[in-house]
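Here the structure comes first, spelled out in structure tokens, and everything after it is commentary.
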């Protein structure tokens, strides 16, 4: 019992996990005839989560933890996917490298504008959202870049024990992020900067450098996401990732990452992504008619999830605890 | 003597820099106009100018609400979807008559604005997430209302179209009337009323505002209702101009234009200082970029990169100097 408790404590964001389980069980019961609770569909959900924006949400968590935002992730995903596909057709290793470097570079650009030029994160990343998408259109001349190289295709489509490789990458990266956040200097600095920037500065943390690194991590994750997505689709689309930043922010919000910074765990983001993907899948099962309701339910769900996390309820909890002690 | 002179020189330099920062948006607007005069063919004729007014209307209206919201330290991403909701709701209820339909449209928006304001002000949720959720949800609401189809308005609603197409004295587009009224109203509220002071105080330091007896909850709720109603008005005007209500795409990315207009206009993004005329100038700059790009046949992809660079440049030159 205590072991389980310890385990859930470590994962934290219990409400998110609870919501995820509830949704999963509900979906399994509702779609019994369609075999929702089967290996194939679970694998599909994980696969969707890994390539369709899951990594963007993981990366977004870094900048949200320091109290900033990155709206440009969708465009960065498209750019690194396109460049990786182009170079990767000649040399796959070089292609992957170019994709990752593109992500890092875009992240550096965002971070530089936010930290050194002191432009508000909203405006800076809004500008890169527009600008980088423009670069993508220029590079691809608005056409899809087909991937012909086998290694590039194998990247996200290899079966290992019946599960696609992209799923392993997603889970591994989540675990790495959890480790980084909990046990490294950089991870703790993230929480310190997000919690109280002034205090962090006074403690002698190099706030600007930490912020810059966080933005570069976000860019890097967007780069990985771009490579995986184009690999899974056998092509890099110019419009890939359009408006996905909304989903990424939503996944973080559902996962209990406070958007004012400093609070939240990567495991929360992981389950936030899964919740969104399950909802999407469930709506696909319902058929086309009700798909418009998806947005409404998504909106209401986010509102409920942040309402529950809000200060008012937290205060009540604290009060209850105090009363119990007394 | 010498050192005193040096100090004076330094101070005047800082003053110049400061006053440049104050007026950077205006200078930039004039600069854009001058460049366009030389570069763009047919730029300086009445048609183009009326066009700019008609097209800036949306950005100005949503920007006014956004300026108020940002000055409380919040942000409102739901304005685009709010436009779609008001557009569809008004179009659907047009059979009741024009005035009731517009009232219903604006009331629905005000109601949603109230919900946003309640969650931000009372429940202390982050404005960004709340309005993000609202924007997703309201987009769905607008789609469900008309099964995600475009609602083309009948010609029998001729009078309604006039709201978006009428020309005063045969030349001046009608859009200028709501624009002037709303800008004047917001300027009056922000600069001359107690509410305006409360808004900026809540943005500057919410804690001290609360401690000095300002009802920040009520203030914040007010602001989000204003933002929603202005966005709704923009949606209705646009619907009347096009003659159709589209729940899917109306107001897509309008929030980004509004935020950019506020930022380019020199308001502080962290709240506490709203610059109303600056926002109008910012909106004009955003629209001028679009128009000059279109009229010079610059390809879309270059236009986006250009827009990004101009936004960054404009915001960089007038950013707050922090130690």
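Chains as they are written, first to last, in the numbering used here: chain H, 1 to 326; chain B, 1001 to 1323.
The C-beta atom is built at its ideal place from N, Cα and C for all residues, glycine as well.
Just so it is clear, the structure is predicted and the values come from calculations on it, not from any experiment.
Residue i, enclosing beta strand (DSSP E) - first and last residue
i: residue 1150 of chain B; result: 1150 to 1152
CB contact check: residue i to chain B, cutoff 7 Å
i: residue 251 of chain H; result: no
i: residue 16 of chain H; result: no
i: residue 20 of chain H; result: no
i: residue 82 of chain H; result: no
i: residue 260 of chain H; result: yes
i: residue 137 of chain H; result: yes
i: residue 202 of chain H; result: no
i: residue 60 of chain H; result: no
i: residue 86 of chain H; result: no
i: residue 117 of chain H; result: yes
i: residue 209 of chain H; result: no
i: residue 89 of chain H; result: no
i: residue 190 of chain H; result: no
i: residue 105 of chain H; result: no
i: residue 123 of chain H; result: yes
i: residue 244 of chain H; result: no
i: residue 300 of chain H; result: yes
Limits of the alpha helix (DSSP H) - the one that residue i falls within
i: residue 1206 of chain B; result: 1206 to 1211
i: residue 87 of chain H; result: 73 to 88
i: residue 1051 of chain B; result: 1046 to 1071
i: residue 186 of chain H; result: 185 to 195
i: residue 134 of chain H; result: 121 to 140
i: residue 1131 of chain B; result: 1127 to 1145
i: residue 51 of chain H; result: Neither: residue 51 of chain H is in no alpha helix (DSSP H) and is coded neither H nor E.
i: residue 1307 of chain B; result: 1300 to 1317
i: residue 1157 of chain B; result: It is not in any alpha helix (DSSP H) - residue 1157 of chain B carries neither H nor E in the DSSP assignment.
i: residue 1112 of chain B; result: 1098 to 1117
i: residue 64 of chain H; result: 55 to 65
Test: residue i CB closer than 7 Å to a CB of chain H
i: residue 1307 of chain B; result: yes
i: residue 1265 of chain B; result: no
i: residue 1133 of chain B; result: yes
i: residue 1287 of chain B; result: no
i: residue 1141 of chain B; result: yes
i: residue 1125 of chain B; result: yes
i: residue 1022 of chain B; result: no
i: residue 1301 of chain B; result: yes
i: residue 1251 of chain B; result: no
i: residue 1316 of chain B; result: yes
i: residue 1220 of chain B; result: no
Beta-ladder partner(s) of residue i, from DSSP
i: residue 1172 of chain B; result: B/1168
i: residue 150 of chain H; result: DSSP lists no partner for residue 150 of chain H.
i: residue 145 of chain H; result: H/236
i: residue 1192 of chain B; result: Partner(s): none; residue 1192 of chain B has no beta bridge.
i: residue 159 of chain H; result: H/164
Helix, strand or coil at residue i [DSSP, three-state]
i: residue 116 of chain H; result: coil
i: residue 1093 of chain B; result: coil
i: residue 1078 of chain B; result: coil
i: residue 70 of chain H; result: coil
i: residue 91 of chain H; result: coil
i: residue 203 of chain H; result: coil
i: residue 1222 of chain B; result: helix
i: residue 29 of chain H; result: helix
i: residue 182 of chain H; result: helix
i: residue 1323 of chain B; result: With a pLDDT of only 33 at residue 1323 of chain B, under the threshold of 50, the placement of this residue in the model should not be trusted, and no figure is reported.
i: residue 1216 of chain B; result: helix
i: residue 1041 of chain B; result: coil
i: residue 1124 of chain B; result: coil
i: residue 295 of chain H; result: helix
i: residue 1296 of chain B; result: coil
i: residue 1179 of chain B; result: helix
Unbroken alpha helix (DSSP H) runs of length 4 or more, entirely within the stretch 1235 to 1294 of chain B: which are they?
-> Within the stretch 1235 to 1294 of chain B, the alpha helix (DSSP H) runs of at least 4 residues that lie entirely inside it are, in chain order, 1254 to 1264.
Ranges of the alpha helix (DSSP H) found wholly within the stretch 208 to 277 of chain H, counting only runs of at least 4 | Counting whole runs of 4 or more residues, the stretch 208 to 277 of chain H contains the alpha helix (DSSP H) stretches 244 to 254.
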